[in-house]
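Trainee: The structure is given below, and queries will be raised subsequently.
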Amino acid sequence: MLSLITQNYDIQKALASSNSCYWLFCRYNIVGQWAVTTSINFSLAQLLQVIILLSTGGKTGGGYLASKYIVLVIHGGLLLVHAVINSLPISFLSFFGQLAAVWNILGVFFLMICIPMVAKERASAEFVFTHFNTDNEAGIHSKPYIFLVGLLMSQYTLTGYDASAHMSEETKSADINGPKGIISSIGISIIVGWGYLIGITFAVTDIPSLLSPDNDAGGYAIAEMFYQAFKSRYGSGTGGIICLLVVAVAIFFCAMSSLTSNSRMVYAFSRDGAMPLSSVWHRVNHQEVPIYAVWLSAIVAFCMALTVRDVYSFYSKN
C-alpha cells in the first residue's frame, strides 16, 4: 500500500483504459502543475513589488509602483534562480528543503503571535468566526458560496503534499518516508495554517479599507494589514515590511519545491513516453538530475505568466 502511494502516476497508468487516456491524463496533470508554479512565483513577484512600494513611501506617499513588465521581469528572475537551484545535486535540494521546513514553521508562529499583539485594534471572536464579507465589490452576497470560495483557497495551499511522491525515486526508504512526508505535510499545514489564519484574522477590523486599491499597499490586503498594524502603533510600517519579507522567503521556498515537483513529474511521464519529445525530457545529467525537465518547467511557468493583463487586479485576491 505504501509503495502504491509513492508511485501515484503508476496507479493512474494502470487504471487508464488505454494509452491515449493515460497520455491525456499526463498532459492535463503536468499543465496543472506548471500553472501552480506560475501562480506561486508570480504571487511572489507581486509581493516583492508591494514590499518595494511600501518601502518607498506607499501608494499614498508617492512610492514606486512597478509596471506589469517589471513584475514579469521579477517573475522571470525568480524562476531563473529556482531553476539554477533545482539543477544542483539532490543533497543541496535536501538541505534547502529542511531549511524551508524550519523557516515556514518558525515564521508562521512568529506572525501568528506578533501581528495580533502589535495591532491596536482587534476583532471580536464573534466577528472572526461568524462574519461573512457579503458587502463586497465582487457582488457576491451568498454566504455558502463565500464559504466554498474560502475552502477552495485553503485547499490550494494543501496541493503540495504530493511532492513526496514525485521525489520518491530520490528518497531513502521511500516506501516509508514517502507516505510519512505526505501525511505529515497535510497534518502540519492544517494545524499550523489554522492557527495562523485565526491569529491574523483577529487583527482584521476594516475589510473594505484593506481591499481598497487606494491604500498604501495598492489593494494588497495582507500587506496593508501588516503595514498598518505597525504604523498605527509605532508610527512606522517598517516592522510590517519585515513581516512581509518573512512571508516572501517562505513563498520562495514553496516555489522552489514546486519546480522540483514539476521536473520530477515531467521526468516520470517522459520515461513512459507520455510527453512530446519524451526522449529529451527524461534525460539526467551526471548528478542524476533531470536537467532538461527542470528548465522546461521553468520556461513554461514564465510563458504562462505572459497571459496576465493587469497585475494589480489580482492584489485583492491574494
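Take 10 as the starting number for the sequence shown in the numbering used here and just add one per residue.
Virtual Cβ for every residue (Gly too), placed ideally from N, Cα, C.
Put residue 95 into one of helix, strand or coil per three-state DSSP.
Mentor: helix
Trainee: Kindly list the residues whose CB is nearer than 6 angstroms to the CB of residue 302, restricted to its own chain and excluding five residues on each side of it in sequence; keep chain order.
Mentor: For residue 302, where only same-chain residues beyond five positions count, the Cβ hits under 6 angstroms are 272, 275, 276 and 290.
Trainee: In whole angstroms, what is the alpha-carbon distance linking residue 323 and residue 74?
Mentor: Interpretation of residue 323 is limited by its pLDDT of 48, a score under 50 that renders its predicted location unreliable; the figure taken from the coordinates is listed afterwards. Approximately 15 angstroms between the Cα atoms of the pair.
Trainee: Hey, how far is the Cα of residue 78 from the Cα of residue 54?
Mentor: 11 angstroms
Trainee: Go ahead and pull the three-state DSSP assignment for residue 205.
Mentor: helix
Trainee: For the ligand NAD, any of its heavy atoms closer than 8 angstroms to the Cβ of residue 271?
Mentor: By its list of ligands, the structure shown contains no ligand whatsoever, and the ligand NAD lies outside what it can speak to.
Trainee: Would you mind listing the beta strand (DSSP E) stretches within the segment 272-318 that are 3+ residues and don't spill past its ends, in chain order?
Mentor: none
Trainee: Please report the Cβ distance between residue 232 and residue 59, rounded to the nearest whole angstrom; I am assuming they are in contact, meaning their Cβ atoms lie under 8 angstroms.
Mentor: 5 angstroms
Trainee: What is the C-beta distance between residue 219 and residue 235, in whole angstroms, given that I count them as a contact (C-beta under 8 angstroms)?
Mentor: Residue 219 to residue 235, Cβ: 10 angstroms. No contact.
Trainee: Give the DSSP-derived three-state secondary structure of residue 249 in the structure shown.
Mentor: helix
Trainee: Check residue 403 in the structure and name its three-state DSSP category.
Mentor: Past the edges of the chain, shown from 10 to 327, lies residue 403, and the structure says nothing about it.
Trainee: Please classify residue 68 as buried or exposed, where buried requires at least 16 neighbouring CB atoms within 10 angstroms.
Mentor: Classification of residue 68: buried, given that the 10 Å Cβ count is 16 or more.
Trainee: Confirm, please, whether the CB-CB distance from residue 311 to residue 47 is below 9 angstroms.
Mentor: yes
Trainee: Looking at the structure shown, is residue 217 part of a helix, part of a strand, or coil, going by DSSP?
Mentor: Residue 217: helix per DSSP, three-state reduction.
Trainee: Go ahead and pull the three-state DSSP assignment for residue 130.
Mentor: coil
Trainee: Where residue 306 and residue 268 are concerned, what is the direct C-alpha to C-alpha distance, given to the nearest angstrom?
Mentor: 7 angstroms
Trainee: Ignoring anything shorter than 4 residues, give me the alpha helix (DSSP H) runs that lie fully in the segment 27-84, in order along the chain.
Mentor: The DSSP assignment places complete alpha helix (DSSP H) segments of no fewer than 4 residues inside the segment 27-84 at 28-64, in order along the chain.
Trainee: Applying the 10 Å Cβ sphere with the 16-neighbour rule, what's the burial state of residue 164?
Mentor: exposed
Trainee: Using a Cβ-Cβ cutoff of less than 8 angstroms, which residues in the same chain neighbour residue 110 once the five nearest sequence positions on both sides are dropped?
Mentor: The beta carbon of residue 110 is closer than 8 angstroms to none in its chain, skipping five residues each way along the sequence.
Trainee: Go ahead and label residue 161 buried or exposed: buried means 16 or more other beta carbons lie within 10 angstroms of its beta carbon, across all protein chains shown.
Mentor: With a threshold of 16 other beta carbon atoms within 10 Å, residue 161 falls short and is exposed.
Trainee: So the candidates are 99, 71 and 120; which of them puts its Cα closest to the Cα of residue 250?
Mentor: 120
Trainee: Helix, strand or coil for residue 236 per DSSP?
Mentor: helix
Trainee: Per DSSP, what kind of secondary structure is residue 142 in: helix, strand or coil?
Mentor: coil
Trainee: CB residue 63 to CB residue 246, shorter than 9 angstroms?
Mentor: yes
Trainee: Look at the alpha carbon of residue 229 and the alpha carbon of residue 222, and state the distance between them as a whole number of angstroms.
Mentor: Our two residues, residue 229 and residue 222, have alpha carbons roughly 8 angstroms apart in a direct line.
Trainee: Which whole-angstrom value describes the C-beta separation of residue 51 and residue 84, a residue pair presumed to lie in contact below a C-beta threshold of 8 angstroms?
Mentor: 5 angstroms
Trainee: CB-CB under 6 angstroms to residue 89, same chain, minus the five flanking residues each way: which ones, in chain order?
Mentor: none
Trainee: Please return the same chain residues whose Cβ sits closer than 8 angstroms to the Cβ of residue 208, not counting the five positions on each side in sequence.
Mentor: 120, 121, 122, 124 and 125
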